[in-house]
Amino acid sequence: MESSASPRRRGLLLSLVASAGLVFAACSGSTASPSSAASAPPASAGGSTAASAPASGGTVTLPAPEKKTLKIGLSTGGEASQYAEYLAQQLDFYKKYGGFDSVEVSGLQGDAKVVQALVAGGLDMGVLGVSSAISSQTTDTPLKVVSLNGVTLTDMLVCGKDVKAAADVKGKTVAVSTFGGTSHGSVIILLSQLGLTANDVTITQVGNQDARLAAVKAGSVACAPIDLAQKDAVTQAGLSIITDNKSSGKQWGRSGLAATADFISKNPNTVLGVVASALAAQNYMFTNTDDAAAKFAEYSQQSADDAKGIIEDFTTWGDRSMDWTDDAFNYPKEVLAAVNPQMKDVDVTTAYDKTFLQKLNQMGFYDAIGDPEKPTQ
41 MESSASPRRR GLLLSLVASA GLVFAACSGS TASPSSAASA PPASAGGSTA
91 ASAPASGGTV TLPAPEKKTL KIGLSTGGEA SQYAEYLAQQ LDFYKKYGGF
141 DSVEVSGLQG DAKVVQALVA GGLDMGVLGV SSAISSQTTD TPLKVVSLNG
191 VTLTDMLVCG KDVKAAADVK GKTVAVSTFG GTSHGSVIIL LSQLGLTAND
241 VTITQVGNQD ARLAAVKAGS VACAPIDLAQ KDAVTQAGLS IITDNKSSGK
291 QWGRSGLAAT ADFISKNPNT VLGVVASALA AQNYMFTNTD DAAAKFAEYS
341 QQSADDAKGI IEDFTTWGDR SMDWTDDAFN YPKEVLAAVN PQMKDVDVTT
391 AYDKTFLQKL NQMGFYDAIG DPEKPTQ
């Protein structure tokens, strides 16, 4: 492809992310191969290998990273769904496990800004929605997700008091925030729980959760996805809860650690070290919940009680192994295709790379940090 086409294609990538209005998560494909790099740890610029993870039966030493200083951007700051990468900085895990001299983690407010910074080289890695990685596969700068913080949405399908079952939902109007957004994806999963598809209802844009709930109460729409945290308020209002996607077992990629395919190919040990550090921090939220909550309160600038509640809730849906199934990408792809038909032809397996998680498992890193959940092959 001619080099003059690159700016246009990069512009396409940014416009796809911005127009979809998504906050999903994604993971990398098969461009990098940490297995060969990890089997024979190379010397870093200083001649040393990366730090070790203490294990019950020994230690796990990662290969020295190609880059000793990194910048990581979060698309949404102050949220549990993207906290592991920041917690790793608070706990100094990037040095402890990855052997990095310095890792700066900052919030950029939105997927589009993270994508732009990754493409421009202003960030080495970023945490964003998988939709961004899927969209990028049609550009000259594809992104790949290498780990996922969460694969579970936490909405329930709330309907008017006269809607009691799946048969009542069929043919009705269902509210979402925006077409192509997370709430749209949540509705797709909720409908699938009822044996329905998007073709069985009329999906309409209403706005944020407060606006959606108000629309259901007013009867201007029949149903809407509302977070399970609002369950008591919904019940007290006399509304019906038809199903929820938290208990469905169906995956939706939320916040994923990603980089450009080119960066991953050139820096496999660096990526392995970042993934290991984030994985250790993710596991820390499950094993040291009180301390993680205290640090989250400091990070998110909220009360200790509120922060503890958020982190405790995260342990009920967060992805401790940071692994996923293809559904975590297929559902976002389906929603993307609703606003951009070109997306229906994208092979989602090109948008992620599981080999880093798999290598860490093979090396015994999961056991070393006491993580009982392991990645699939």
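Mapping of the sequence shown onto my numbering: residues 41 to 417, in sequence order.
Even glycine gets a Cβ: it sits at the ideal position worked out from N, Cα and C.
Rounded separation between residue i and residue j - CA only
i: asparagine 248; j: alanine 104; result: 45 Å
i: alanine 157; j: glycine 118; result: 20 Å
i: lysine 373; j: valine 379; result: 10 Å
i: threonine 329; j: lysine 348; result: 8 Å
i: threonine 390; j: lysine 184; result: 7 Å
i: isoleucine 229; j: glycine 235; result: 10 Å
i: isoleucine 304; j: aspartate 202; result: 52 Å
i: arginine 252; j: tyrosine 123; result: 27 Å
i: alanine 318; j: aspartate 141; result: 16 Å
i: glutamine 276; j: valine 216; result: 22 Å
i: phenylalanine 396; j: valine 315; result: 7 Å
i: leucine 193; j: histidine 224; result: 11 Å
i: alanine 77; j: aspartate 132; result: Confidence is the limiting factor: at alanine 77 the pLDDT is only 39, short of 50, which leaves the residue's position unreliable, though a coordinate-based value still follows. Distance between the alpha carbons of alanine 77 and aspartate 132: 24 Å.
i: phenylalanine 336; j: isoleucine 351; result: 8 Å
i: asparagine 401; j: serine 260; result: 51 Å
i: threonine 237; j: valine 227; result: 9 Å
i: asparagine 370; j: isoleucine 266; result: 22 Å
i: alanine 162; j: methionine 403; result: The amino acid at residue 162 is misidentified as alanine; the sequence shows glycine. Taking the straight line joining both Cα atoms gives about 31 Å.
i: alanine 206; j: threonine 222; result: 22 Å
i: alanine 91; j: tyrosine 339; result: 26 Å
i: isoleucine 409; j: leucine 376; result: 36 Å
i: aspartate 407; j: serine 288; result: 28 Å
i: aspartate 385; j: phenylalanine 219; result: 19 Å
Residue j beta carbon less than 8 Å from that of residue i
i: valine 186; j: aspartate 393; result: yes
i: aspartate 366; j: valine 388; result: yes
i: glycine 313; j: tyrosine 137; result: yes
i: alanine 269; j: valine 256; result: no
i: serine 115; j: leucine 168; result: yes
i: valine 155; j: isoleucine 112; result: no
Start-to-end residues for the alpha helix (DSSP H) that takes in residue i
i: leucine 400; result: 395-402
i: valine 227; result: 222-233
i: lysine 204; result: Neither: lysine 204 is in no alpha helix (DSSP H) and is coded neither H nor E.
i: valine 375; result: 367-379
i: alanine 90; result: Where alanine 90 is concerned, there is no enclosing alpha helix (DSSP H), given that its DSSP letter is neither H nor E.
i: alanine 408; result: 405-408
i: alanine 173; result: 170-176
Exposure of residue i, with buried meaning 16 or more beta-carbon neighbours within 10 Å
i: glutamine 382; result: exposed
i: glutamate 413; result: exposed
i: threonine 356; result: exposed
i: lysine 210; result: exposed
i: alanine 72; result: With a pLDDT of only 42 at alanine 72, under 50, the local geometry of the prediction cannot be trusted, and the value read off the model is given with reservation. Alanine 72 comes out buried.
i: methionine 362; result: buried
i: lysine 135; result: buried
i: lysine 399; result: buried
i: glutamine 341; result: exposed
i: glutamine 177; result: buried
i: lysine 204; result: exposed
i: threonine 242; result: exposed
i: lysine 107; result: buried
i: serine 343; result: exposed
Extent of the continuous beta strand (DSSP E) to which residue i belongs
i: serine 187; result: 183-188
i: valine 216; result: 213-216
Sequence ranges, beta strand (DSSP E) only - wholly within the region 237-303, length at least 3: 242-245, 263-267, 280-284 and 295-300
Whole alpha helix (DSSP H) elements within the region 111-165, 4-residue minimum: 124-130, 133-136 and 151-160
Length-filtered (4 minimum) alpha helix (DSSP H) runs lying within the region 299-368: 301-306, 308-327, 329-340 and 344-357
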